[in-house]
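Visitor:
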Amino acid sequence: DGGITQSPKYLFRKEGQNVTLSCEQNLNHDAMYWYRQDPGQGLRLIYYSQIVNDFQKGDIAEGYSVSREKKESFPLTVTSAQKNPTAFYLCASRRDAGQGGYEQYFGPGTRLTVT
Amino acid sequence: GESVGLHLPTLSVQEGDNSIINCAYSNSASDYFIWYKQESGKGPQFIIDIRSNMDKRQGQRVTVLLNKTVKHLSLQIAATQPGDSAVYFCAENIGTGANNLFFGTGTRLTVIP
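Protein chains in written order, with our numbering: chain R, 263 to 377; chain L, 34 to 146.
1. Are the C-beta atoms of T143(L) and some chain R residue less than 7 Å apart?
2. Take the Cβ of L305(R) as the centre, count every other Cβ of all protein chains shown within 10 Å, and call the residue buried at 16 or more, exposed below.
3. Quick check on D358(R): does DSSP put it in helix, strand or coil?
4. So which residues of chain R does P77(L) contact, with C-beta pairs closer than 7 Å?
5. Decide if D50(L) is buried, meaning its Cβ has at least 16 other Cβ atoms within 10 Å, or exposed.
6. Using the Cβ count rule (16 or more neighbours within 10 Å means buried), how would you classify T377(R)?
7. For T43(L), which option in I67(L), A119(L), M87(L), A131(L) has the closest C-alpha, if you only look at C-alpha atoms?
8. For the stretch 280-299 of chain R against the stretch 334-342 of chain R, are there 3 or more C-beta pairs whose distance is under 8 Å?
9. Any idea what DSSP makes of D82(L), helix, strand or coil?
10. By a C-beta neighbour count over all protein chains shown, 10 Å radius and 16 as the cutoff for buried, is Y69(L) buried or exposed?
11. Spatial neighbours of G137(L) within its chain, please: C-beta separation below 6 Å, excluding the five flanking residues on both sides.
12. So with Cβ pairs under 7 Å, would you call A111(L) a contact of chain B?
13. Evaluate D82(L) with the Cβ neighbour count: other Cβ atoms within 10 Å of its Cβ, from every protein chain shown; 16 or more gives buried, anything less gives exposed.
14. So T372(R) is in the beta strand (DSSP E); what residue range does that whole segment cover?
15. Using the C-alpha atoms, what's the distance from G74(L) back to V314(R)?
16. I want to see whether chain L comes within less than 7 Å of G304(R), judged by CB atoms only; does it?
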């Protein structure tokens, strides 16, 4: 059963703590993405990765970090430097990083609440 | 429909009626378009796509229409059902590369039983 998994579904943290969100895909996709979604707003790109050991900043990378050590995995760390971390985080993948014209597949999301 | 801030455009339809959701895209160079459905608390799901060399594409109960002249995309849902209630948003692809898909903010569809 192929797809993208994100864990956990809900995450609660105290302010000042770093937290890592997991994203795994078994679709053999090259490209992976992290988005943030706030209520009533569209998706905002945090980071993306075209291949293993390479990643690029998106529109709102400040306060976040990522790694891509394996093709299947693209974890996102929300650091204490992120001023407003409470949001719904979505991971996505796409089968070919180099070409256009392919849809992104999304995971189920992780809702992070920082108090 | 696009929106700014916390208020998404909304569309309410009676169960069994047809729904039409609109999207204005920004770039005349966009060559591929996708409609996604997002239910509350879940990740977006792919519904249907269309390439810029087409005007219309049909799926199961859904049809996407593309008007490149006015840069407008629409999603038609036939015989709308309660399970269709969700936020629907369009995405436009511009050229090649890994970061070339841009998302609209969406329209909230509510189906009234």
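Backbone N, C-alpha and C fix where the C-beta goes; we use that ideal spot for every residue, glycine too. Predicted, not measured: the structure shown is a model, and the values here were computed from it.
Guide: According to the structure shown:
1. Here the question's residue 143(L) lines up with position 110 in the second sequence. Interface annotation, T143(L): not in contact with chain R, CB-CB separation never under 7 Å.
2. Reading the first sequence from its first residue, position 43 is the one you call residue 305(R). Flag for L305(R) reads buried.
3. The count along the first sequence starts at 1 and reaches residue 358(R) at position 96. Coil, per DSSP.
4. Within the second sequence, the letter at position 44 stands for residue 77(L). Those are F368, listed as they occur along chain R.
5. On the second sequence, position 17 is the one that residue 50(L) refers to. It counts as exposed.
6. Residue numbering aside, residue 377(R) sits at position 115 when the first sequence is read from its first letter. Residue burial annotation: T377(R) is exposed, with fewer than 16 other C-beta atoms found within 10 angstroms of its C-beta.
7. Position 10 of the second sequence holds residue 43(L). Looking at the Cα atoms, A119(L) is the closest of the given residues.
8. yes
9. For this step, residue 82(L) is matched to residue 49 along the second sequence. Of the three classes helix, strand and coil, the one that applies to D82(L) here is strand, per DSSP.
10. Here residue 69(L) refers to the residue found at position 36 when the second sequence is read from its first residue. Buried, by the Cβ-count rule.
11. Position 104 of the second sequence, counted from the first residue, corresponds to residue 137(L). Answer for G137(L): E35, C56, F122, C123, listed in chain order.
12. Of the chains in the structure shown, none is chain B; the protein chains are R and L.
13. Working through the second sequence from its first residue, we reach residue 82(L) at position 49. Buried, by the Cβ-count rule.
14. Start at 1 with the first residue of the first sequence, and residue 372(R) comes out as number 110. Residues 372-376.
15. Mapped onto the first sequence, residue 314(R) falls at position 52. Mapped onto the second sequence, residue 74(L) falls at position 41. Whole-angstrom Cα-Cα distance: 30 Å.
16. Here residue 304(R) corresponds to residue number 42 of the first sequence, with the count starting at 1. Interface residue, yes.
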